[in-house]
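Okay, structure first, notes after.
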Amino acid sequence: MLDSLSNYSKYIATVAGILFVVFCAVTAIVTPTSAVAVDTADMVRDERVGTQHTVSVTLTDLYEEPPLESWTLTGSTALVDVTWTIIQYDQTGAQIDQQSYDGQRLTGTRIAAVDGTNRVIVRVAGTIPRIESFSYDPKQSFRVVSLTQTRTGGSSSVIDIWTATHSTEQSTSAREELTTARETVSTVDSDRAKQTIQNAIDAYNGGEFALATRLASEAEEAAKQAQQSNQMFQYVLYALSGIVVIGGASGIVYWRRQQRTEDKL
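What follows is the structure in structure tokens.
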């Protein structure tokens, strides 16, 4: 019996060890990250579709982990009408190279220690893209920029990925109405109001902002009516409670008077 338990324990330990190794290997393959440091990143956060912006990223610690002499910087963005500008600096802060590229994909810029490159600034200028699919929660977003370190031999590691939300004038207005209505609906227990606000969210997600706004208004009104009904019910309860208390007190007084009358007789 003891031998069986011992063998079973060894088997479990072996399986656990294998699973751990496999997990580590898969994690390393699926989510590689670069040791290149992002010193600063000036990014957009929440912008209107069609507006123009410039974002920038400063990269340092270019050759440390793993130790490299050179590598290739690649990237992509969902911005449209894009221009990439890659500026390289040496240890003294002097600019030693500047290259510009057009298009949503940065196909490759060589970063090499032999060139004296110690710091790299990546600037991406472009226009906030149109929204393919609206979403109330979470709010629709897009990839502002992603940067990748590609090493000799083809292996690559993600340096970082930056995202932002975007909106139109109509979607912003509808979202504000929805948010206000949801706050009101959350304060009452009304199935009608809850269903109507959900219908409003569905309309928003479908890009039907006029309908979403109207339904949000209806949901808010239904919630207010439910709130008023609840208050009226409370008032009725208070009134009935008062009547019961007064009636009870009157009954007690009457009973006591009757008792006194009987005692005198």
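Mapping the sequence shown onto the numbering used here, position 239 (from 1) lands on 337, and the numbers just tick up by one. Even glycine gets a Cβ: it sits at the ideal position worked out from N, Cα and C.
Annotation for Thr263: Asp144, Lys237, Ser239 place their beta carbon closer than 6 Å to its own, counting only its chain and skipping 5 residues before and after. Here Arg312 carries a helix assignment [DSSP, helix/strand/coil]. Val220: member of the beta strand (DSSP E) spanning 217-225, first to last residue. Across the structure, Thr181 and Gln326 are spaced so that their CA atoms are roughly 57 Å apart. Leaving aside the five residues that flank Val142 on each side, the residues in its chain whose CB is nearer than 8 Å to its CB run, in chain order, His151, Val153, Ile226, Val242, Ala262.
Rounded to whole angstroms, the separation of the alpha carbons of Asn216 and Tyr187 is 6 Å. Annotated as distal: Val256 and Leu157, with beta-carbon spacing of 7 Å or more. Under the three-state reduction of DSSP, Ile229 is assigned to coil, being neither helix nor strand. Here Glu275 really is in contact with Thr311; their C-beta atoms are around 5 Å apart, less than 8 Å. The C-beta distance from Glu167 to Ala133 rounds to 15 Å, too long to meet the 8 Å contact threshold.
Membership of Val134 in any alpha helix (DSSP H) is not indicated, and neither H nor E is assigned to it by DSSP. In this structure, the CA atom of Ser253 is about 51 Å from the CA atom of Lys292. With 16 or more other Cβ atoms from the protein chains shown falling within 10 Å of its own Cβ, Glu318 counts as buried.
CA-to-CA, the gap between Ala210 and Pro165 works out to about 12 Å.
In the DSSP assignment, Val178 forms a beta bridge with Thr225.
For the options Thr183, Gly214, Glu230, Thr190, the alpha carbon positioned closest to that of Thr207 is the one of Thr183.
Here the alpha carbons of Arg221 and Gln268 stand approximately 30 Å from one another.
Between the beta-carbon of Ile295 and that of Tyr234 there is about 10 Å, and that puts the pair past the 8 Å contact cut. Residues of the same chain with a CB within less than 6 Å of the CB of Tyr199, apart from the 5 flanking positions on each side, are Trp182 in chain order.
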